[in-house]
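Asker:
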Amino acid sequence: MNLKAKTIKQKLSFEGIGIHTGKFSKVILEPYDGGILFLKDGVEIPLNYGYISETKRRVVLKKDNVEIQTVEHLLSALNVLGIYDIKIVLEGEEIPILDGSSEIFFKEIKNVGFLELNKKIEPFKLLEPIEIRIGDSYIYAKPSEKFIINYAIIYEHEFLKSQFFRVEVNEVSYYEEISKARTYAFDEEIDNLIENNFGRGGNFENTLIISRKGYLNQPKFLDEPVRHKILDLIGDLMFLNRPFIGEIFCIKGSHKLHIEFVKKLVEEGIGGPILEIDEIKNLVPHRYPFLLVDKVIHLERNRIVAYKNVSINENFFNGHFPNYPIMPGVLIIEALAQTGAILYSKFNPINGKIPLFVGVEDIKFKKPVFPGDRLYLEVKIIRGGSKFIKMLAKAWTENGICCEGNIIATIK
């Protein structure tokens, strides 16, 4: 399901101190059609996790020695409002913390109104379960028709031992249950934080302070800390540059874990866009029984991820081998080559020509493929020309990598 892209109708700005620098700053939001673009001191920084330089207690973007600190609360509000095209101009070092939550960002951006753009945004719909672990911190996500977050925080602390919250994320639930949750800190860590240039702008208005006996200032919710962690996760998911659809379970999360999760989603290619079998047949000349790709689950200009469901009914299992059926290695290479042909022809129409093998390099077979396996096929074009195309190819199942190496092809 594609969504209509939109930006804001007119400029608006926010100003105040930064939670970590303690210095005054101003951020100006402007209508824009070109993704999310940060601008500071004449340096443009597109929203891309490749520009993240720091994830300790906040997310920092850096390019050409220009830094933009603490982007996550603003990004959280934009994500839920469906704004993936906007220019963010910063005057100062850090996005203002305001009241420590994202409520003001959310309300003011929504009040200014939206302008529809002449393009669509395809959500990142999770198609397969995925997990990531850093130490004792953990994220597991699974497919769903909705955006749901389950989050648990756990501390060795006399008062705040653990909290859990679950939310189906939409504009109403976010505003009422998440956006008001402020950043938090433990009273015993404040001196150390300030010594290390964190929390210099913190106060009882923008930060919930937690002692071993309880909250030192009035919480917005009794479980405000875990709700704020959800707010942060939604902001960090903005580095997908599109809406996320799936259910996430996070235990003891952090910005570092959140961003590593986003990287894994993007780099393993288990979210759309999707090409079904009819669209695949429009791109390559292969047909049953020799079309060895069932569905494309990730597609960008130089990279594709697809899969083939390997059935016991495949003809080759009759003789390869009757008592130990495994998919022939040459057909795994063929499936990878077909996947590469789909990628190439999607962006370079072949107009009835036929993709042909030229050669293979450094092909290694590591694990067999059995009946019942889903064989994932990943291909990256590392050199594309008018005559020859060189591709880095990898095939794997849930048991690990089955085959990898280079494929060289041509179009005749």
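In case it helps, this note's numbering puts the sequence shown at residues 968 to 1379. The C-beta atom is built at its ideal place from N, Cα and C for all residues, glycine as well.
Do Val1033 and Glu1138 have their CB atoms nearer than 7 angstroms?
Answerer: Stepping through the sequence shown from its first residue, residue 1033 is reached at position 66. Stepping through the sequence shown from its first residue, residue 1138 is reached at position 171. Cβ atoms of Val1033 and Glu1138: not closer than 7 angstroms.
Asker: In its own chain, which residues sit with a C-beta less than 6 angstroms from the C-beta of Glu1191, not counting the 5 before and 5 after it?
Answerer: Here residue 1191 refers to the residue found at position 224 when the sequence shown is read from its first residue. Result list for Glu1191: Ala1148 and Leu1175, in chain order.
Asker: Can you tell me whether Asp1340 is buried or exposed, with buried defined as 16 or more other CB within 10 angstroms of its CB?
Answerer: For the purposes of this step, residue 1340 is taken as residue 373 along the sequence shown, with counting starting at 1. That one is buried.
Asker: Does the region 1111-1127 come close enough to the region 1026-1043 to have 3 or more Cβ pairs within less than 8 angstroms?
Answerer: As far as the Cβ criterion goes, the region 1111-1127 does not touch the region 1026-1043, which means the pair count is below three.
Asker: For the candidate residues Ile1378, Leu1342 and Gly1351, whose alpha-carbon lies nearest to that of Asn1366?
Answerer: In the sequence shown, counting from the first residue as 1, residue 1366 sits at position 399. Ranking Ile1378, Leu1342 and Gly1351 by Cα distance to Asn1366 puts Leu1342 first.
Asker: Between the beta-carbon of Leu1266 and the beta-carbon of Ser1312, is there less than 7 angstroms?
Answerer: In the sequence shown, the residue the question calls residue 1266 occupies position 299. In the sequence shown, the residue the question calls residue 1312 occupies position 345. Cβ atoms of Leu1266 and Ser1312: not closer than 7 angstroms.
Asker: So Ala964 packs on Ile1374, CB below 8 angstroms; how close in whole Å?
Answerer: With the chain covering only 968 through 1379, there is no way to say anything about residue 964.
Asker: Between the alpha carbons of Glu1227 and Asn1078, how many angstroms are there, rounded?
Answerer: Numbered from its first residue, the sequence shown carries residue 1227 at position 260. Numbered from its first residue, the sequence shown carries residue 1078 at position 111. Each residue's alpha carbon lies about 33 angstroms from the other.
Asker: What did DSSP end up calling Ala1044 once you bin it into helix, strand or coil?
Answerer: Position 77 of the sequence shown, counted from the first residue, corresponds to residue 1044. Correct three-state label for Ala1044: helix.
Asker: Hey, is the region 1077-1091 in contact with the region 1180-1188, meaning 3+ C-beta pairs nearer than 8 angstroms?
Answerer: Contact between the region 1077-1091 and the region 1180-1188 is absent, because fewer than three Cβ pairs lie under 8 angstroms.
Asker: Check whether the Cβ of Glu1214 lies closer than 6 angstroms to any heavy atom of the ligand FMN, and answer yes or no.
Answerer: Absent from the structure shown: the ligand FMN. Ligands present: none.
Asker: May I have the straight-line CA-CA distance separating Lys1354 from Pro1256, to the nearest angstrom?
Answerer: Numbered from 1 along the sequence shown, position 387 holds the residue referred to as residue 1354. Numbered from 1 along the sequence shown, position 289 holds the residue referred to as residue 1256. The straight-line gap from Cα to Cα measures roughly 28 angstroms.
Asker: Taking DSSP as the reference, what is the three-state secondary structure of Phe1337?
Answerer: Residue numbering aside, residue 1337 sits at position 370 when the sequence shown is read from its first letter. Residue state, collapsed to three classes: coil.
Asker: For the beta strand (DSSP E) containing Asp1066, name the first residue and the last one.
Answerer: The residue given as residue 1066 occupies position 99 in the sequence shown. That residue, Asp1066, is in no beta strand (DSSP E); it is neither H nor E in DSSP.
Asker: How would you call Lys1007, buried or exposed, if buried means at least 16 neighbouring beta carbons within 10 angstroms?
Answerer: Translated into positions along the sequence shown, residue 1007 becomes position 40. The residue is buried, with at least 16 neighbouring Cβ atoms inside 10 Å.
Asker: Would you call the region 1053-1068 and the region 992-1006 in contact, with 3 or more CB pairs under 8 angstroms?
Answerer: With a cut-off of 8 angstroms, the region 992-1006 and the region 1053-1068 count as touching, because enough Cβ pairs lie within range.
Asker: According to DSSP, is Ser1140 helix, strand or coil?
Answerer: As a position in the sequence shown, residue 1140 is number 173, starting the count at 1. Reduced to three states, the DSSP call for Ser1140 is helix.
Asker: For Lys1030, I'd like the list of residues in its chain whose CB is within less than 7 angstroms of its CB, leaving aside the five on either flank, ordered along the chain.
Answerer: Residue numbering aside, residue 1030 sits at position 63 when the sequence shown is read from its first letter. So the qualifying residues of the chain are Val1010, Ile1012 and Tyr1018.
Asker: When burial is assigned at 16 or more other CB atoms within 10 Å of the CB, is Gln1036 buried or exposed?
Answerer: Within the sequence shown, the letter at position 69 stands for residue 1036. So Gln1036 counts as buried.
Asker: What runs of the alpha helix (DSSP H), each 4 residues or longer, lie entirely inside the region 1235-1287?
Answerer: For the region 1235-1287, whole alpha helix (DSSP H) runs of length 4 or above, ordered along the chain, are 1244-1250.
Asker: So, at 8 angstroms on beta carbons, what are the nonlocal neighbours of Ile1356 in its own chain, with the 5 sequence-adjacent residues on each side left out?
Answerer: Sequence index remark: in the sequence shown, residue 1356 carries index 389 (1-based). Excluding sequence neighbours, Ile1356 sits near Gly1307, Tyr1311, Ile1348, Arg1350, Ile1375, Ala1376, Thr1377 and Ile1378.
Asker: May I ask you to report which of helix, strand or coil DSSP gives Val994?
Answerer: Working through the sequence shown from its first residue, we reach residue 994 at position 27. Val994: strand per DSSP, three-state reduction.
Asker: For a test of the three-state rule: what should DSSP assign to Ser1111, helix, strand or coil?
Answerer: Reading the sequence shown from its first residue, position 144 is the one you call residue 1111. In this structure, Ser1111 counts as coil in the three-state DSSP scheme.
Asker: Please return the same chain residues whose Cβ sits closer than 8 angstroms to the Cβ of Pro1110, not counting the five positions on each side in sequence.
Answerer: The sequence position of residue 1110 within the sequence shown is 143, counting from 1. Same-chain partners within the cutoff: Lys1092, Leu1093, Leu1094, Glu1095, Pro1096, Gly1213 and Glu1214.
Asker: Check each candidate in Ile1003, Ser1104, Ile1064 and Arg1268 and name the one with the smallest Cα separation from Pro1316.
Answerer: For this step, residue 1316 is matched to residue 349 along the sequence shown. When each option's Cα is compared against that of Pro1316, the closest is Arg1268.
Asker: Name the one or two DSSP bridge partners that Glu1328 has.
Answerer: Position 361 of the sequence shown, counting from 1, holds the residue named residue 1328. Asn1373.
Asker: What is the rounded straight-line gap between the Cα of Ile1271 and the Cα of Arg1254?
Answerer: Against the sequence shown, residue 1271 aligns to sequence position 304. Against the sequence shown, residue 1254 aligns to sequence position 287. Distance between the alpha carbons of Ile1271 and Arg1254: 20 angstroms.
Asker: Hey, quick one: how far does the beta strand (DSSP E) through Glu1021 stretch, first residue to last?
Answerer: In the sequence shown, counting from the first residue as 1, residue 1021 sits at position 54. Counting along the chain, the beta strand (DSSP E) containing Glu1021 begins and ends at Ile1019 to Glu1021.
Asker: With 16 other CB atoms within 10 Å as the buried threshold, where does Leu1189 fall?
Answerer: Taking the first residue of the sequence shown as 1, we reach residue 1189 at position 222. Leu1189 comes out exposed.
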